[in-house]
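Asks:
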Amino acid sequence: MASNTAAAGDDARRQLMLSLHKLASSLETPNDTIHRFAHQNLQSAAVRVQTSNCLIAGRLGSLLRYCLALLPSNPLILKRTGYKNPSGELHTAFQDGHKTPVHAFEYFADHPEDLAHFNPYIELRRKSDLSWLSVYPVGEETAGLEDPERALFVNVGGGVGYQCAQFKERYPNVPGRVILQDLPHSIVQSCRTPGVENTVHDFFQPQPVKGAKFYHMRGVLHNHPPHKVRKLLEHTKAATAPDSVLLADEMVLPEMGVNYDVASIDLTMLGACASLERTEAQWREGGL
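At position 19 of the sequence shown (counting the first as 1) the number is 19 in full-length UniProt numbering, and the numbers step up by one without a gap.
Structure representation (structure tokens):
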């Protein structure tokens, strides 16, 4: 009798789990589905790390924020670094996995077939019902600007130019130059938006556009470790005018209770770029 009761209870539990899985699937957006598949490797990595007896306190802030639920995507990197965060962006799980000595973004330059998939993926991931253009007072900040030769909006590390296109569409009559900056392999594939200058620039070099009204970076800083972020910000600061504005469009994580999606992006940044998603305190430490 007891075994029959236990079996019935187990069957009911499984049926409930199946129903919940079906409910979750019915609520998923295409973005949710892509995210789930793209980051599920983190869970298998966690199992590998746990079975090798190294789930101690290794992932520092990110692991604590997600209650040690996930770990970086390559346990071998953790073992090699003594279960500490990678200190260099050329010594990460990305280099091990792709058998390359170069940075992830340099890798794309030599693998355009991968870049062709990466750019649409990033655009899909960055779509939002609420854009910074709908909440930031661009109109107020640009009131009184009259010089059509002055740089108005410089999209630093702007990929193929989606942000420039959106800015130009929303504010077509504000005078000034709209400039996209990125590495050659991205500029080759960039949008040809009327009124937008697509230019090649390595943002770890001095900023060539001086005195722009807006220097905009979306999802750029989270790709880089602290020492590289400081270098980028120093170059940008050196180029600013007294009324220039730096617009950094990034996530700001709470100290605890980070959800699954954000935590998996954080750990992906660690594995691919030796970087991280940052809390407010970490952003301030980095110079913002």
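Every residue, glycine too, gets a C-beta built ideally from N, C-alpha and C.
Note that this is a predicted model, so its numbers are computed, not measured.
Excluding the 5 residues flanking residue 214 on each side, which residues of the same chain have their C-beta closer than 6 Å to its C-beta?
Replies: Cβ neighbours of residue 214 beyond the five flanking positions: 153, 245, 247.
Asks: In terms of residues, what are the limits of the alpha helix (DSSP H) holding residue 109?
Replies: Looking at the DSSP string, the run of the alpha helix (DSSP H) that includes residue 109 is 104-110.
Asks: Would you say residue 260 reaches chain D, if we count a Cβ-Cβ gap shorter than 7 Å as a contact?
Replies: Here there is only one protein chain, and chain D is not present.
Asks: Exposed or buried, residue 222, counting other C-beta atoms within 10 Å across all chains shown (16 or more means buried)?
Replies: With 16 or more other Cβ atoms within 10 Å, it is buried.
Asks: Less than 7 Å separating the beta-carbons of residue 166 and residue 155?
Replies: Not closer than 7 Å, so no.
Asks: Note down, in chain order, each residue of its chain lying with its Cβ closer than 7 Å to the Cβ of residue 280, except the 5 sequence neighbours on either side.
Replies: Counting only Cβ-Cβ distances below 7 Å, and skipping sequence neighbours, we find 252.
Asks: Thinking C-alpha only, which one of 228, 212, 177 is nearest residue 198?
Replies: Comparing Cα-Cα distances from residue 198 to each of 228, 212, 177, the minimum goes to 177.
Asks: Tell me the rounded alpha-carbon separation between residue 64 and residue 172.
Replies: Note that residue 64 scores 36 on pLDDT, short of 50, meaning its location in the model is unreliable and no value can be drawn from it.
Asks: Within a Cβ cutoff of 8 Å, which residues of the same chain sit near residue 211, ignoring the five residues on either side of it in sequence?
Replies: Counting only Cβ-Cβ distances below 8 Å, and skipping sequence neighbours, we find 150, 151, 239, 240, 241, 244.
Asks: Just how far apart, CA to CA, sit residue 220 and residue 282?
Replies: Cα to Cα, residue 220 sits roughly 16 Å from residue 282.
Asks: Let me know the secondary structure DSSP gives residue 118 once reduced to three states.
Replies: Residue 118 falls in the helix class under three-state DSSP.
Asks: Grouping DSSP H, G and I as helix and E and B as strand, with all else coil, what is residue 192?
Replies: Here residue 192 sits in coil by DSSP.
Asks: Going by DSSP, what residue range makes up the beta strand (DSSP E) through residue 181?
Replies: Here the beta strand (DSSP E) through residue 181 covers 177-182.
Asks: Should residue 11 go down as buried or exposed, given a rule of 16 or more other Cβ atoms within 10 Å for buried?
Replies: Flag for residue 11 reads exposed.
Asks: First and last residue of the alpha helix (DSSP H) that includes residue 235?
Replies: Element bounds for residue 235: 226-239.
Asks: Taking the DSSP output, what are the residues bridged to residue 155?
Replies: Looking at the DSSP assignment, residue 155 forms a beta bridge with 180, 216.
Asks: In terms of residue numbering, what span does the beta strand (DSSP E) encompassing residue 246 cover?
Replies: It spans 245-249 - the beta strand (DSSP E) in which residue 246 sits, taken as one unbroken run.
Asks: Considering only C-alpha positions, which residue in the set 138, 184, 194 is nearest to residue 159?
Replies: Nearest C-alpha to residue 159: 184.
Asks: For residue 170, does the three-state DSSP call read helix, strand or coil?
Replies: Three-state DSSP puts residue 170 in a helix.
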